[in-house]
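Structure, as structure tokens:
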DNA sequence: GTCTATAGCGCGATAGAC
DNA sequence: GTCTATCGCGCTATAGAC
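Protein chains in written order, with the numbering used here: chain A, 20 to 211; chain B, 20 to 211.
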């Protein structure tokens, strides 16, 4: 099962590079340097760069949405769920060598340069996150914990855009602490 | 003054390309195709790519902050000022061939791949925007138009991150209409 | 499954004619 | 100020030995 290990190592390195600098900052040469394997060997596992990006995208979406579903299904109250959700973004920012943004936040910035399949998955990731957030927000409005007018879907889009934007801007200044402060302020406004 | 015209044309094309696809999507070859001039001629006006990026960054920051200062100095009430500010981001998204993000939002995503002078200007742009927003927010809190606990600076960071994130995500789905909806919802929460 | 070697292209940048 | 021509590099990708 050495194949699995190498495959995973390649995907891990590729994901980290994209999260830090975008798709164009992830090259077969950089991967080669990072994991100590020749460029040609990477092509054995992922014939083209698009194949590699596709694999990384799918794995990330499945993993991240799995965590989100875990939070949604938990016994926490809606406010705690939102706080845990924001914690996922905080954790991303602190992870490993630091300054990683959300993978799909980076891909969103590069959307116009992406192929059709990848662009479609970016859209789907956004929709999936917002759908899950909307349910938590409705739950919180029903229990009286949140107070907002209008559709939960719009507030969900607001929360998601806020966290994606914050993680990018927090890399420039303030880091995870700043991200947490912004998220807490948003939740305070939601409590009304 | 043909020089001025060519210089401006190069900067306009470079800015548009960066706003759509990031720094790596802007190449001397693409500029050459876009404005009908040879690569070597572009090097005459901007010896290196870093020079060009620097010039575009400075011009954008000066122009954008000029608009913001105009809004801040106007006789509008604080809520209307915020709405006008959000309108700047909407206008960016609709402009020209469409799907342009904020220049500094794109640069923020690519921050780790930027040179030191450019990265410093990205940070400064964020700080400058947040400082102006914070003043409008304090103004609104004083007049009783806005209701929030905590520091105006944190709410300012929230609004700014929200708009930067929204413009990136709105490119994937919903466009300016979606951006406007999110901004309006945020302002509704501020009114409490 | 990993390697060496190389093809082929686009990139940023330079030299020098006009 | 714009051009042609070219350099050197890093990139994605392929061929074929081990």
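Using N, Cα and C, we set each Cβ at its ideal position, and we do this for glycine too. No experiment lies behind these values; they were computed from the predicted model shown.
When the beta-carbon positions are compared, residue 159 of chain A and residue 98 of chain A come within less than 9 Å of each other.
Contact between the region 135-147 of chain B and the region 181-200 of chain A is present: 3 or more CB-CB pairs across the two stretches fall below 8 Å. Rounded to the nearest whole angstrom, the CA to CA distance from residue 181 of chain B to residue 43 of chain A is 25 Å. Residue 145 of chain A has a beta carbon lying within less than 9 Å of a beta carbon in chain B. When DSSP states are grouped into helix, strand and coil, residue 59 of chain A belongs to the helix group. Spanning the alpha carbons of residue 76 of chain A and residue 65 of chain A requires a straight line of approximately 14 Å. The continuous alpha helix (DSSP H) containing residue 125 of chain A extends over residues 122-128. Using a 10 angstroms sphere on the CB of residue 121 of chain A, the tally of other CB atoms reaches 16 or more, which defines it as buried. Interface residue (Cβ-Cβ distance to chain B less than 9 Å): residue 71 of chain A is not classified as such.
Sequence-distant Cβ neighbours of residue 171 of chain A in its own chain, meaning closer than 6 Å and more than five residues away, are 153, 156 and 157. Residue contact check for residue 153 of chain B against chain A: no CB pair falls below 9 Å. Here the alpha carbon of residue 79 of chain A sits roughly 35 Å from the alpha carbon of residue 79 of chain B.
In the three-state reduction of the DSSP assignment, residue 34 of chain B falls in the helix class. Not flagged as an interface residue toward chain A: residue 65 of chain B, since no C-beta distance is shorter than 9 Å.
Annotation: Cβ neighbours of residue 132 of chain A in chain B (cutoff 9 Å, chain order): 39, 40, 41, 43 and 44.
Secondary structure at residue 40 of chain A: helix, using DSSP grouped into helix, strand and coil. Taking each of B:109, B:173 and B:130 in turn and checking the Cα distance to residue 119 of chain A, the smallest one comes out for B:130. Taking a C-beta distance under 9 Å as the contact criterion, residue 128 of chain B and residue 134 of chain A do not qualify as a contact pair.
9 Å or more divides the Cβ of residue 108 of chain A from the Cβ of residue 188 of chain A. Contact between residue 176 of chain B and residue 72 of chain B fails: their C-beta atoms lie close to 25 Å from each other, not under 8 Å.
Excluding five sequence positions before and after residue 164 of chain A, the CB atoms of its chain that fall closer than 6 Å to its own CB belong to 97 and 98, given in chain order. DSSP places residue 203 of chain A inside the alpha helix (DSSP H), whose first and last residues are 194-210.
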